[in-house]
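Just so you know, the protein sequences line up as chains A and B, in that order.
Mapping of the first sequence onto my numbering: position 8 corresponds to residue 8, and the numbering continues sequentially without gaps.
Mapping of the second sequence onto my numbering: position 74 corresponds to residue 74, and the numbering continues sequentially without gaps.
In this text, a Cβ means the ideal position worked out from N, Cα and C, and glycines have one as well.
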Amino acid sequence: DIQMTQSPSSLSASVGDRVTITCRASQDISNYLAWYQQKPGKAPKSLISAASSLQSGVPSKFSGSGSGTDFTLTISSLQPEDIATYYCQQYKSYPLTFGGGTKVEIK
Amino acid sequence: EVQLVESGGGLVQPGGSLRLSCAASGFTFTDYYMDWVRQAPGKGLEWVGRTRNKPSRYTTEYAASVRGRFTVSRDDSSSSVFLQMNSLKTEDTAVYYCARGAYCNGGFCPDNFAYWGRGTLVTVSS
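Written out as C-alpha cells, the structure is:
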C-alpha cells in the first residue's frame with residue numbers, strides 16, 4: 001500500500017499569511033495526487049487534482065505543486081473561511097489512500 | 001448540478017448487516033466509477049470501495065479492512081450505487097460518503113473524487 005504522510009498535522013496562522021502543507025508518498029505516484037478541504041460537520045470538497053490542477057470554482061489562492069513523492073498545497077493569503085482540515089490523496093494504485101490531514105486554524 | 005444523496009444509515013448491532021444507497025443526478029452516471037469513503041468519528045478519511053462502470057466490466061475494488069464483508073454495486077437504470085455491509089464491527093462506525101470517481105471509457109482511468117455526498121452515519125453498537 002502507498003502511505004501518505006502529511007505535515008504538519010495542525011497549524012495556526014494569522015489572517016493574510018501564506019500557508020504551506022506538505023504531503024509525502026511512500027513511493028512514486030507521478031502526479032496522481034488530489035487535495036481536499038473539509039470544514040467541520042461537512043463533506044470533503046475537492047480543491048486540486050493531478051497535483052496542480054485547480055478544480056472548477058476553487059479560488060486561485062489555492063495552489064498545488066509537486067511530482068513523484070513530494071507535494072505541497074499552498075494558500076496564498078489565509079482567510080477565516082479557509083479554516084478546515086486539508087487532506088491529500090493518491091489515486092495511482094489501490095488501495096486509494098489519504099494522508100492523515102492537516103488542521104488549519106487562525107492565530 | 002451534480003448531486004449525490006446517501007441513505008440507509010443507522011444503528012446496528014455487531015455482526016449485523018446494513019445496506020447503504022446513493023442516488024446520483026446531474027451527470028451521466030454510466031460514464032463514471034463510483035466510490036464509498038468513510039470517516040470514523042474524529043478521524044481521517046478512509047477509502048472503502050469502488051464500482052467501475054460498464055466499459056470497465058463493472059469490476060470492483062475494496063480496502064483490505066472491508067474485503068469479504070462489504071459489497072459495492074450499482075444500478076445504472078436508477079443512477080444508484082449501493083454498499084452492502086455484512087458482519088459489521090464496532091470499528092465500522094463512521095460517516096459513509098458516496099463519491100464520484102473517474103470518468104472512464106475503459107482502460108486505466110485515474111482521477112480524484114470531484115463530488116461527494118453529505119454522508120450517512122452508521123453506528124455499530126450493542
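Straight-line gap, residue i to residue j (C-alpha atoms, nearest Å)
{"i": "D1/A", "j": "G44/B", "result": "17 Å"}
{"i": "S17/B", "j": "G8/B", "result": "11 Å"}
{"i": "V48/B", "j": "S63/A", "result": "28 Å"}
{"i": "K61/A", "j": "L78/A", "result": "8 Å"}
{"i": "S14/A", "j": "I21/A", "result": "15 Å"}
{"i": "L11/B", "j": "Y94/A", "result": "30 Å"}
{"i": "D70/A", "j": "N86/B", "result": "38 Å"}
{"i": "Y36/A", "j": "V95/B", "result": "17 Å"}
{"i": "E91/B", "j": "Q90/A", "result": "24 Å"}
{"i": "S125/B", "j": "W36/B", "result": "21 Å"}
{"i": "T28/B", "j": "T72/A", "result": "33 Å"}
{"i": "V58/A", "j": "T85/A", "result": "16 Å"}
{"i": "K103/A", "j": "S10/A", "result": "4 Å"}
{"i": "A23/B", "j": "S52/A", "result": "30 Å"}
{"i": "E105/A", "j": "G106/B", "result": "42 Å"}
{"i": "K39/A", "j": "R19/B", "result": "27 Å"}
{"i": "S79/B", "j": "T30/B", "result": "8 Å"}
{"i": "G15/B", "j": "F70/B", "result": "12 Å"}
{"i": "T120/B", "j": "T93/B", "result": "11 Å"}
{"i": "K107/A", "j": "V19/A", "result": "12 Å"}
9 Å Cβ cutoff, residue i in contact with chain A
{"i": "A40/B", "result": "no"}
{"i": "G16/B", "result": "no"}
{"i": "F113/B", "result": "yes"}
{"i": "E46/B", "result": "yes"}
{"i": "V122/B", "result": "no"}
{"i": "S72/B", "result": "Residue identity check: residue 72/B is Val in the sequence provided, not Ser. Not closer than 9 Å to any Cβ of chain A, the Cβ of V72/B fails to qualify, so no."}
{"i": "D75/B", "result": "no"}
{"i": "E91/B", "result": "no"}
{"i": "A94/B", "result": "no"}
Buried or exposed by the 16-neighbour rule on C-beta atoms within 10 Å, applied to residue i
{"i": "Y58/B", "result": "exposed"}
{"i": "A129/B", "result": "For residue 129/B there is no data in the structure shown, the boundaries of chain B being 1 and 126."}
{"i": "G40/B", "result": "The sequence given here places Ala at residue 40/B; Gly does not occur at that position. By the neighbour-count rule (16 or more Cβ atoms within 10 Å), A40/B is not buried but exposed."}
{"i": "V2/B", "result": "exposed"}
CB contact below 9 Å: residue i versus chain B
{"i": "A84/A", "result": "no"}
{"i": "A46/A", "result": "Note that residue 46/A corresponds to Ser in the displayed sequence, not to Ala. So yes, S46/A belongs to the interface."}
{"i": "Q89/A", "result": "yes"}
{"i": "F62/A", "result": "no"}
{"i": "A43/A", "result": "yes"}
{"i": "T74/A", "result": "no"}
{"i": "F98/A", "result": "yes"}
{"i": "A25/A", "result": "no"}
{"i": "A13/A", "result": "no"}
{"i": "S49/A", "result": "yes"}
{"i": "P95/A", "result": "yes"}
{"i": "K107/A", "result": "no"}
{"i": "G101/A", "result": "yes"}
{"i": "K92/A", "result": "yes"}
{"i": "Q55/A", "result": "yes"}
{"i": "Q37/A", "result": "no"}
Option in the options with minimal Cα separation from residue i
{"i": "S25/B", "options": "R52/B, V5/B, S125/B and N112/B", "result": "V5/B"}
{"i": "R52/B", "options": "G10/B, Y33/B, T120/B and V66/B", "result": "Y33/B"}
{"i": "P55/B", "options": "T120/B, G119/B and C109/B", "result": "C109/B"}
{"i": "C23/A", "options": "D17/A, P8/A, S12/A and G16/A", "result": "P8/A"}
{"i": "C98/B", "options": "N105/B, E46/B, G15/B and C104/B", "result": "E46/B"}
{"i": "I83/A", "options": "I48/A, A25/A, T97/A and D17/A", "result": "D17/A"}
{"i": "D111/B", "options": "G119/B, G117/B, A102/B and Q13/B", "result": "A102/B"}
{"i": "S21/B", "options": "T123/B, C104/B and S73/B", "result": "S73/B"}
{"i": "S65/B", "options": "T97/A, I29/A, N31/A and G101/A", "result": "T97/A"}
{"i": "Y62/B", "options": "D76/B, G42/B, Q13/B and L83/B", "result": "L83/B"}
Residue i beta carbon near the ligand MN (any heavy atom closer than 8 Å)
{"i": "Q3/B", "result": "Only the bare structure without any ligand can be found here, which leaves the ligand MN out of the picture."}
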